[in-house]
Amino acid sequence: MGSWPQEVKGTTSRFKRPLGKYKIIKRANCNNCGLCVKLCPCGVYKFIGKKVMPLREYRCIGFSCEGSEHYCVAQCPEKALMVIKNPTIEALGDYRWTSDLILSTWYQAETGNPPDYMEYKIGNSGGGFDRLRFSFEFENQNFSLKEDVSTTIDLNRRNDGRPQVTISVPWYGGGMSFGSVSLTTMLARAKACMEWNTFTCTGEGGYPEALIPYKDHVITQVATGLFGVREETIKRARIVEFKYAQGAKPGLGGHLLGDKVTPDVARMRESVPGISLFSPFPFHSVYSVEDHKKHVDWIKEINPKALISVKVSTPVDVDMVAIGSYYAGAHIIHLDGSYGGTGAAPDIAKKNIAMPIELAIPKVHRFLLEEGVRDEMVIIASGGIRTAYDMAKAIALGADGVVIGTAELVALECTRCGNCERGRGCPRGIATTDMELSSMVELEWATQRISNLFHSWYLQLIDILKRLGMHSITELVGKTDCLFYIDKWSENG
Amino acid sequence: MKKLVIFFCQNLSYKKEKIFKVLDFPSEISIRLIPIPCSAEISVGLLLKILETDLDAIFILTCPETSCQSGEGSIRAKKRVEYTQEILEELGLGKDRLVMFEVDDLENLQQIGRNIKKKCLSIT
Amino acid sequence: MPKYHINVKPAPPRFLPPGKYVLIDREEGCLGCKYCVKKLCPYGVYNKREFDSIQLRDTIDYYCRNCLYCVEACPGGTITLMVNPTYLEIGDSYWKPEIITKIWRQAETGMISVSGAGYRGPFAGSGFDDMWTDMSEIVRPTRDGIHGREYISTDIEIGRKLSYLAFDAQGKLPSSTPPLIEIPIPMLFSLPGWGKWGKPVLLSMAKAAKTLNTLFIIPLAQFTKELHPYIDNLGIYIDSLEELSALPKDVKIIEIPYNLSQNFQAIKTSHPQTIVMIKIPLSPEAKQRSLTLTKNGAEVFHFSADDHGLEFAEKPRFIKDIIKDIHLSLVDEGTRDEVTVLVSGGIAMAEHVAKTTICGADGVILDQVLMVALECRLCKDCLQGIPCPIDIENIEPDWGAQRLINLMNAWRDQLLEVLGAMGMRDVRRLRGEMGRAIFYKDVLNEAFASIKRK
Chain P
1 MGSWPQEVKG
11 TTSRFKRPLG
21 KYKIIKRANC
31 NNCGLCVKLC
41 PCGVYKFIGK
51 KVMPLREYRC
61 IGFSCEGSEH
71 YCVAQCPEKA
81 LMVIKNPTIE
91 ALGDYRWTSD
101 LILSTWYQAE
111 TGNPPDYMEY
121 KIGNSGGGFD
131 RLRFSFEFEN
141 QNFSLKEDVS
151 TTIDLNRRND
161 GRPQVTISVP
171 WYGGGMSFGS
181 VSLTTMLARA
191 KACMEWNTFT
201 CTGEGGYPEA
211 LIPYKDHVIT
221 QVATGLFGVR
231 EETIKRARIV
241 EFKYAQGAKP
251 GLGGHLLGDK
261 VTPDVARMRE
271 SVPGISLFSP
281 FPFHSVYSVE
291 DHKKHVDWIK
301 EINPKALISV
311 KVSTPVDVDM
321 VAIGSYYAGA
331 HIIHLDGSYG
341 GTGAAPDIAK
351 KNIAMPIELA
361 IPKVHRFLLE
371 EGVRDEMVII
381 ASGGIRTAYD
391 MAKAIALGAD
401 GVVIGTAELV
411 ALECTRCGNC
421 ERGRGCPRGI
431 ATTDMELSSM
441 VELEWATQRI
451 SNLFHSWYLQ
461 LIDILKRLGM
471 HSITELVGKT
481 DCLFYIDKWS
491 ENG
Chain H
1001 MKKLVIFFCQ
1011 NLSYKKEKIF
1021 KVLDFPSEIS
1031 IRLIPIPCSA
1041 EISVGLLLKI
1051 LETDLDAIFI
1061 LTCPETSCQS
1071 GEGSIRAKKR
1081 VEYTQEILEE
1091 LGLGKDRLVM
1101 FEVDDLENLQ
1111 QIGRNIKKKC
1121 LSIT
Chain B
2001 MPKYHINVKP
2011 APPRFLPPGK
2021 YVLIDREEGC
2031 LGCKYCVKKL
2041 CPYGVYNKRE
2051 FDSIQLRDTI
2061 DYYCRNCLYC
2071 VEACPGGTIT
2081 LMVNPTYLEI
2091 GDSYWKPEII
2101 TKIWRQAETG
2111 MISVSGAGYR
2121 GPFAGSGFDD
2131 MWTDMSEIVR
2141 PTRDGIHGRE
2151 YISTDIEIGR
2161 KLSYLAFDAQ
2171 GKLPSSTPPL
2181 IEIPIPMLFS
2191 LPGWGKWGKP
2201 VLLSMAKAAK
2211 TLNTLFIIPL
2221 AQFTKELHPY
2231 IDNLGIYIDS
2241 LEELSALPKD
2251 VKIIEIPYNL
2261 SQNFQAIKTS
2271 HPQTIVMIKI
2281 PLSPEAKQRS
2291 LTLTKNGAEV
2301 FHFSADDHGL
2311 EFAEKPRFIK
2321 DIIKDIHLSL
2331 VDEGTRDEVT
2341 VLVSGGIAMA
2351 EHVAKTTICG
2361 ADGVILDQVL
2371 MVALECRLCK
2381 DCLQGIPCPI
2391 DIENIEPDWG
2401 AQRLINLMNA
2411 WRDQLLEVLG
2421 AMGMRDVRRL
2431 RGEMGRAIFY
2441 KDVLNEAFAS
2451 IKRK
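Protein chains in written order, with this note's numbering: chain P, 1 to 493; chain H, 1001 to 1124; chain B, 2001 to 2454.
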């Protein structure tokens, strides 16, 4: 499998002037003496011929440099430099993915480590994960494990004779269909997941042939549109995921608007180019738990080795749905909370329908415990999990592992502009199959960016476990006693 | 009736109503107060296009150079305003139609208000 | 019976809405690259940009989609994007700029607002933002209503409904049944309590009410000749008994203020086929008033809150909490099904209609949101004597009507989304369905019961 954990390779932005938190103003009285080039620890300044330019302005750590002896503003003999907060940062981000979170995800995707001058743990949504903290974040803790800790989890706990599937990190990639994202994006995810011994998922739009070399790390998704669902795609996967619902648009099927249905997409989905595709909802063959069991049995028949994951939204009776899936024979119950990402969804559904994941996990965890079947099921949580800290909190609330989606795209320099579904798709080439746009992303670059981000998350999870005195991520499951909930919350968190 | 527009940098942190009151214009002069995110938004092309409409004059209120949030907004705006003023002189419209003021504080704003009123009276 | 369908047609705004961002591209420092990033803008905004001489803006701000491609790709770094302060000034603390711009988009296109990327807002809030609606899966099917695959009804009936029918010895009904009006959407129109709107606005609303087949409640003084042809879709508000005699004779529904409610019986005697709606401003007394009036034969209540959905009181509660209280009290009395409860105040989004219904209302009466649909920015300059920046008194009524029709279609479609997700085929089934709603504080306390607070 190669070295573990994977090596970090510094992978800079595709753009000439990537956004950074701070901006440098170099006034006309600069005499090009080059002192700043020598001093700056982040390598911001460089000579271009005889002139000095702040070429890597985005690496500037800003005001935290102020007291030090290498603060360029103070040291410049001509006083020609000024550091300000970049005004464009005001136009980036929102309550869930703040500008700091977006920038720090880019930082981690570039360097493989979390930044020390920007927030990388929480957002600004004022609830859920953003108001939960680990106990060690308050107390000054000297206690920290010296031994190695494990982040692996097993996905088959049914003892039903089917092969065990073990992933080396407690996350896998969420389903993003071919059509909603480009083939390059899917391949990059698959390659990075293979390096880290975890999985990615095909999404609703079929199983592109290019993914076959990575088949041991690709989950086949069976969704209500049944696009590209054939015996061979079910047979080749180690895990098959039934998508009953998606967090961002519960009660509705997939949306792929006309301009994004390019000829390749139409061919994969056996449809017509240019026609919008709205998947039906629900599975019109499943109207009861018994029907659900028939569905699960169908897949189990076709592929006697595969594990079954059932992906559901979070209604009021999500615990009933979970126990129903247990009795239907599923291995994994995958809860997708309402604040999850999407390529296209009605705004009313994103905000209002079903509950956020933080509120659903404890419900299901507790109910399965009461029913005595908790240790036979794997609970996977998703829907707005953005950082390693969100992941750890989700596990502490009761999940075994998580699924992440948006964060992988942010690693590829998504800015959360929200234009995914409009026209030809993503203006940055990530969530589109348009030939011209998707050529903006190069496969090796994309794979390394995602892998670097995984590296940073891995480091953070190890750190969290050590500080909690736990030897394995499995010890964290359901340990709400290591969490605190912040009662008083102000706008600036 | 004179029609003029006053652009003011949002970082001056004076709300529209307050500026309106402080400037205290007589009702014969019709004013539009438009906040801008940064005086760097004002470009030469935009200024000329605005003067092509039925507006008589443009005044721009910006933060002092040293406290410009984007570092260089006021500086650039000043250069552009000067350039545009030269063009206006050449066209015979007079450069008093377009003036930029750096606002330090409230008292300063009142003084600026008086200056603007004087200039308005001198414009034909 | 043909299925109810609303015809939408694009109704573009007369004034370019303020863009959320401002694009600043300075010429100084431009390197003159052969393949300028401006030519590569995925949305072509640099080609489309023009000077808007009315608002003195560069229209690029309206077209820009904030993808930040040009900002990051330009080697000279000459392009910056900033937030537009004029955008932040739209509306107020409840009617936020995002809410208002979404209403404008829906009024322009008639389509539900759909976007990429997950939800971007705060986790929860106050008022309507501390509850979520439910969905069905596996154990109970949803309804695929939005694309017409299954029929979901949004009809409601307005009027008094009898709990039982009494027959005489010959098996005939001794008295007639009370009048009922059936409307195809649970939303009525009325005018806000502030502002000077002008005849074209009234005409737009009347035309829209007629096309949609709903009702527009207007004060008697505003019922001028131009509005006479629309009488079938109008309700008349009177505030004195003298006005009663001036009512047009075929009016189907009238509204009286609470202080005229003691004359309710007398009014019904003189106008037996006219439905009488009683307007009760929300306050701590509203509940008892409605219970008493229901006992005395009231037909329809209009509970009104202020523009932020708050009751008129020292420590105001929010509209949905009060309606819950009133609904449940009527249920306890056993009389809830006899009266129709309509609610107004603070209804700014389609989700508010669904949530108000879940909390016990039969339908809503829209006022301020309709003005926003006609491009109003809630600047309230008109109250200061400053001329309206969007010249609302001179709108073209057919355009105005289409804007309202478009908005109602978008809202109805969103209501279908919510109903479909819940597995319901009828909006009447949604009324009072609090058991399936998710109330934030309750669920939070349950989910995080074992977590220490700080």
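Just so you know, even glycine gets a beta-carbon here, dropped at the ideal spot from N, CA and C.
Could you spell out the range, first to last residue, of the beta strand (DSSP E) harbouring residue i?
i	result
B:E2255	I2253 to P2257
B:Y2237	L2234 to Y2237
B:P2219	F2216 to P2219
Please report the straight-line C-alpha distance between residue i and residue j, rounded to a whole angstrom.
i	j	result
B:I2024	B:L2328	56 Å
P:K488	B:F2216	45 Å
H:I1058	B:D2239	50 Å
P:H496	B:F2123	Residue coverage of chain P in this structure runs from 1 to 493, which leaves residue 496 of chain P outside it and unanswerable.
P:P263	P:M435	11 Å
B:L2260	B:F2303	15 Å
B:I2054	P:C60	41 Å
P:T406	P:A248	12 Å
H:R1097	B:L2056	16 Å
P:M320	P:G62	51 Å
P:R236	P:G228	13 Å
P:K479	P:A396	5 Å
P:V73	P:K79	7 Å
B:G2110	B:W2411	9 Å
P:T230	P:V218	Sequence check: residue 230 of chain P is Arg here, not Thr. When rounded, the distance between both Cα atoms is 15 Å.
Kindly say whether residue i, judged by its beta-carbon, lies nearer than 7 Å to any beta-carbon of chain B.
i	result
P:T342	yes
P:T11	no
H:T1084	no
H:P1026	no
P:N492	Reliability of the predicted coordinates at P:N492 is poor, the pLDDT of 43 falling under 50, and the value obtained from them is presented with this limitation in mind. By this cut-off, P:N492 is not an interface position.
P:I379	no
P:C417	yes
P:F484	yes
P:C420	yes
H:I1050	yes
P:R374	no
Is the Cβ of residue i closer than 7 Å to any Cβ of chain P?
i	result
B:Q2222	no
B:P2192	no
B:P2122	yes
Tell me the DSSP bridge mates of residue i?
i	result
H:E1102	H:T1062
P:W171	P:V402
P:Y389	In the DSSP output, where bridge partners are listed per residue, P:Y389 has none listed.
P:K51	P:I48
P:K26	P:L81
Could you check whether the Cβ of residue i sits closer than 7 Å to any Cβ belonging to chain H?
i	result
P:M82	yes
B:T2086	yes
Would you mind reading off the limits of the alpha helix (DSSP H) that contains residue i?
i	result
H:Q1010	Per DSSP, H:Q1010 belongs to no alpha helix (DSSP H) and is neither H nor E.
P:A328	V318 to A328
Interface residues of chain D around residue i at Cβ under 7 Å?
i	result
P:P87	In the structure shown, chain D cannot be found, because the protein chains are P, H and B.
Output, in sequence order along the chain, the residues in the segment 2052 to 2077 of chain B whose CB is closer than 9 Å to any CB in chain P. For the segment 2052 to 2077 of chain B, the set of positions with a beta-carbon nearer than 9 Å to some beta-carbon of chain P reads R2065, N2066, C2067, L2068, Y2069, V2071, E2072, A2073, C2074, P2075, G2076 and G2077 in chain order.
What residues in the segment 2002 to 2035 of chain B bring their beta carbon closer than 7 Å to a beta carbon of chain H? So the list reads V2022, I2024, R2026 and E2028, given in the order they occur along the chain.
Within 8 Å of chain B by C-beta, residues of the segment 430 to 458 of chain P in sequence order: Flagged, chain order: A431 and L437.
Can you give me, in chain order, the residues of the segment 16 to 48 of chain P that have a beta carbon less than 8 Å from any beta carbon in chain H? For the segment 16 to 48 of chain P, which is checked against every Cβ of chain H, the residues closer than 8 Å are K23 and I25.
Going along the segment 1059 to 1082 of chain H in order, which residues come within less than 7 Å of chain P, judged by CB to CB distance? For chain P, the residues of the segment 1059 to 1082 of chain H that bring a beta carbon within less than 7 Å of one of its beta carbons are Q1069, S1070, G1071 and E1072, in chain order.
For the segment 101 to 126 of chain P, which residues have a CB atom closer than 9 Å to at least one CB atom of chain B, in sequence order? Residues passing the 9 Å Cβ filter: N124, S125 and G126.
Where the segment 2098 to 2119 of chain B meets chain P: residues whose CB sits under 9 Å from a CB there: Within the segment 2098 to 2119 of chain B, the residues whose Cβ lies closer than 9 Å to some Cβ of chain P are K2102, I2112, S2113, V2114, S2115, G2116, A2117, G2118 and Y2119, listed in chain order.
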